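Q: Sharing a structure with you now.
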Amino acid sequence: MDRCSLEQAAWRFAMPSVRAPELETPLGWLNTDRPLRFDGELRGQVVVLDFWTYCCINCIHVLPDLAWLEHKYAAEPVTFIGVHSAKFHNEANRETIRAAILRYEIQHPVVIDDNMKIWRAYAARSWPTLVVIDSAGYVAGQLAGEGNRDALDKAIAAALASGRAAGTLATGPLSVQKDASVRATGGLAFPGKVCADAANGRLYVADSNHNRVVVAELPDEQGRCRLVRVVGSGEVGRADGPAESATFNHPQGLAAAHGRLYVADTENHLIRAIDLETFEVSTAVGTGELDNDRAGGGMGAGQGINSPWDIAIEGSTLYVAMAGAHQIWRIDMPVGFARAFAGSGRENLVDGPTETSALAQPSGICAAGGNLYVADSEASAVRRIDMATEQVSTIIGEGLFSFGDVDGAAPKAKLQHPLGIAPHGMTLLVADTYNHKIKRIDPGARTLTTLFGTGAAGASTADGRPAFFEPGGLSVLGDDLYVADTNNHRILWIGLASGCWRELVFEGLEPPTRSDASDEERRIESPAAAIDPDQDVRLIIHPALPAGMKLSAEAPWSVRVRSGGGGSGGGTLMQQTGRADRLPIEVAIPARTGRVPGTWLIDAAMAACAEGDTGVCVPLRFAWRVPLERGADRSIVVAGGTRHERREAAGGL
């Protein structure tokens, strides 16, 4: 929905009369170690409820405002609570909501609304809706829409003043234990998009939650990519300049042409350009602030834009999926003249001329055969824009609340919130994100076919096929498909002709520098293993978890094995991501992997959660050094003590 003005809000402070309904749900809470009740822990707190659903761009736009207010009132008795009232079926699952909390770096508790019962109790009508509850437990006001930080700030301040005057205010803030995310062994954090560049033989990855762009060579036959450069310091910001000091804010779409890599710097509301020789970063378009302009017509850094999510290039023109504006924008380079190209700015599914058509949070875009193809996420649709006639049509999809997982011909064929799209021959490949699948579309016949994925979140199937956890981006080079498997923190290569697949290894890629002790300083020395190098070996990982906790099946585990004697070791021998709800974790290491005698450096990352429907999850990370000798053993067992990782402010990984 569009921004609501302060005049449209109905704040009621003088005569509060409605007791706040309790936040009761059989589905439990996340990001807290216990349920929260108004007749319990919340007594005396000013409470801000954020009714949201994680697909919604307007809800995403509200999160920085909430973070700003949480920081401002950190020492006051003010508690922020997210009420997750799902739109899509996939959004109703604990595991996907938990992943969204970590991906968006949400720092407050979230209650999972059961079939929108809490939504109805508070008479919410749209996402997002914000409700302020005073320290006596009465509803003080409600406001819908984004862009109302000042109004919410005034409401909180008024509720605090009223509570102090009435003597109902608690003495201080409420303390809860929050979830934390796992720092994956492969070095990526929620990668949103991927771009394969045949001209330069490179692969580019939007390492979104590390606020950087990874530049690597295309993979070899074993799936190894030599790291060329990391662009971005890892800090949140919008600084231009050298690769090491430039900053981004959760970048997404990537497109390479004319010696530059263009980046949709989504949460900075910018289009950035990376020089592919010097790796200098510059700003092509945008002011750095969210702008509700639906027409454009400005130049470069003088033209504001709204949550760019993906980019396609045709000649010297950039076409941008402007998710926040529900439009496609056109940017003429190198001058940076930017204007709206398709979509009225009203969130809907309407075909026709570009200026009167309507899109719904477009999040993926590609160009092929004189057309633009758009993954129109909130309509669960794929749209076609004829660039010659400037007409918009729908290939798959029927409207904002028509979605599912159905192969076949339109109109029966259904997607669920697709985020990525790429051409392959005369067909299109689409990341059917909330169905955890990759599908093929014949745009002429308007048919939809599942290629990969089971329909459930996963990392691989029992029979060795690829599985995904909300894949967000695709890129195709010949018959090579590259997938940004976002919530599994990895990039996959899939051979479209063979069906073979690999999890890509980016040699030498590590998370941004952190102040805590490195894995090498805490690496556990394991007994020597006597293995036959000509036989496959089972690696059995059985670390000790904290008391009262279990391995989380709601988060992926990852394992990396490298060769080396001391220091950080040599090359990566294998890397694997999986999901399990119990220990031990077992991975297969193929014969003739590494040298024997030698040394393996084994790193494992996973999450452990407390029992119950409010179980807080903590990230765990383990590191072992295993000397290898020749022998007949067919398995290696590593075990050791628990290692907690503290949650980082930037990225949480």
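Numbering (the numbering used here), first residue to last: 200 to 852.
C-beta atoms are modelled at their ideal positions from N, C-alpha and C, and glycine is treated no differently.
All of these numbers come straight from a predicted model, not from anything done at the bench.
Here's the rule I'm using: 16 or more other beta-carbon atoms within 10 Å means buried, otherwise exposed. How should H741 be labelled?
A: Numbered from its first residue, the sequence shown carries residue 741 at position 542. Classification of H741: exposed, given that the 10 Å Cβ count is below 16.
Q: For V815, collect the residues of the same chain with a Cβ closer than 8 Å to its Cβ; drop the 5 residues on either side in sequence, then sort them by chain order.
A: Here residue 815 refers to the residue found at position 616 of the sequence shown. Excluding positions up to five away in sequence, the list reads N230, T231, D232, Q376, K377, D378, C808, A809.
Q: Please classify E416: does DSSP put it in a helix, a strand, or coil?
A: If you number the sequence shown from 1, residue 416 lands on position 217. Three-state result, E416: strand.
Q: Could you give the DSSP three-state label for R471: helix, strand or coil?
A: Numbered from 1 along the sequence shown, position 272 holds the residue referred to as residue 471. It is a strand residue.
Q: How should W148 be labelled, buried or exposed, when 16 other C-beta atoms within 10 angstroms of its C-beta is the threshold for buried?
A: The structure shown has nothing for residue 148, since the chain only spans 200 to 852.
Q: Does the segment 660 to 677 come close enough to the segment 619 to 636 to have 3 or more Cβ pairs within less than 8 Å?
A: Verdict: yes, contact present.
Q: Identify whether E753 lies in helix, strand or coil by the three-state DSSP scheme.
A: Residue mapping note: residue 753 aligns to position 554 of the sequence shown, counting from 1. Note: E753 maps to coil in three-state DSSP.
Q: Compare the C-alpha of S515 against each of A559, I564, D492, G458 and name the closest.
A: Within the sequence shown, numbered from 1, the residue matching residue 515 stands at position 316. The residue with the shortest Cα to Cα distance from S515 is G458.
Q: From the DSSP output, in three-state form, read off S659 for me.
A: Position 460 of the sequence shown holds residue 659. Strand, per DSSP.
Q: Give me the residue from C699, E554, A339 with the minimum Cα distance to I355.
A: The count along the sequence shown starts at 1 and reaches residue 355 at position 156. Closest by alpha carbon: A339.
Q: With DSSP run on the structure shown, which of helix, strand or coil describes W267?
A: For the purposes of this step, residue 267 is taken as the residue at position 68 of the sequence shown. Looking at W267 - three-state DSSP - the assignment turns out to be helix.
Q: Hey, which unbroken runs of the beta strand (DSSP E) at 3 residues or more fall wholly within the segment 266 to 327?
A: Listed in chain order, the complete beta strand (DSSP E) runs (minimum 3 residues) inside the segment 266 to 327 are 277 to 283, 309 to 311.
Q: Let me confirm a value: P610 is counted as buried when at least 16 other C-beta atoms fall within 10 Å, else exposed. Which label applies?
A: Here residue 610 refers to the residue found at position 411 when the sequence shown is read from its first residue. Its Cβ having fewer than 16 others within 10 Å, P610 is exposed.
Q: From the DSSP output, in three-state form, read off V836 for me.
A: Reading the sequence shown from its first residue, position 637 is the one you call residue 836. If DSSP states are grouped into helix, strand and coil, V836 belongs with the strands.
Q: Go ahead and label N686 buried or exposed: buried means 16 or more other beta carbons lie within 10 angstroms of its beta carbon, across all protein chains shown.
A: Position 487 of the sequence shown, counted from the start, is the residue given in the question as residue 686. Classification of N686: buried, given that the 10 Å Cβ count is 16 or more.
Q: Tell me, please, whether the segment 826 to 839 touches the segment 397 to 412 by the rule of three or more beta-carbon pairs shorter than 8 Å.
A: They do not touch, by the three-pair rule.
Q: Kindly confirm or deny that the segment 822 to 829 and the segment 298 to 309 touch, where touching means at least three C-beta pairs closer than 8 Å.
A: Segments in contact, no.
Q: For R218, does the count of other Cβ atoms within 10 angstroms reach 16, so buried, or fall short, so exposed?
A: Here residue 218 refers to the residue found at position 19 of the sequence shown. Burial call: exposed.
Q: Quick one: using the 10 Å Cβ neighbour count with 16 as the cut-off for buried, is P818 buried or exposed?
A: Stepping through the sequence shown from its first residue, residue 818 is reached at position 619. With 16 or more Cβ atoms within 10 Å of its Cβ, P818 is classed as buried.
Q: Can you tell which of A494, H468, G496 has its C-alpha closest to the C-alpha of T486?
A: Numbered from 1 along the sequence shown, position 287 holds the residue referred to as residue 486. Taking only the C-alpha atoms, the option nearest T486 is H468.
Q: Take the Cβ of K636 as the centre, count every other Cβ of all protein chains shown within 10 Å, and call the residue buried at 16 or more, exposed below.
A: Here the question's residue 636 lines up with position 437 in the sequence shown. Classification of K636: buried, given that the 10 Å Cβ count is 16 or more.
Q: Which residue wins for smallest C-alpha separation from G797, given the options E785, L265, K613, R761?
A: Taking the sequence shown and counting its residues from 1, the one referred to as residue 797 is at position 598. It is R761 whose Cα lies nearest to the Cα of G797.
Q: Can you name, in chain order, every residue of its own chain whose Cβ lies under 6 Å from the Cβ of H449, other than the five neighbours on each side?
A: Working through the sequence shown from its first residue, we reach residue 449 at position 250. Taken in chain order, the residues that qualify are S407, T465, E466.
Q: Compute the Euclidean distance between the alpha carbons of L368 and Y337, then round it to the nearest angstrom.
A: The count along the sequence shown starts at 1 and reaches residue 368 at position 169. The count along the sequence shown starts at 1 and reaches residue 337 at position 138. So the two alpha carbons sit approximately 13 Å from each other.
Q: Thinking C-alpha only, which one of I594, Q590, L599, S579 is nearest A630?
A: The count along the sequence shown starts at 1 and reaches residue 630 at position 431. Nearest of I594, Q590, L599, S579 to A630, Cα basis: S579.
Q: Please determine if the segment 262 to 272 and the segment 286 to 293 are in contact, where contact requires at least 3 C-beta pairs separated by less than 8 Å.
A: In short, these stretches do not touch, since the Cβ pair count stays below three.
Q: Label R833 either buried or exposed according to how many other C-beta atoms from any shown protein chain fall within 10 Å of its C-beta, with 16 as the threshold for buried.
A: Along the sequence shown, read from residue 1 onward, the residue named residue 833 stands at position 634. That one is exposed.
Q: Compare the Cα-Cα distances from C565 to each of T295, C394, P745 and report the closest residue.
A: The sequence position of residue 565 within the sequence shown is 366, counting from 1. Per the Cα distances, C394.
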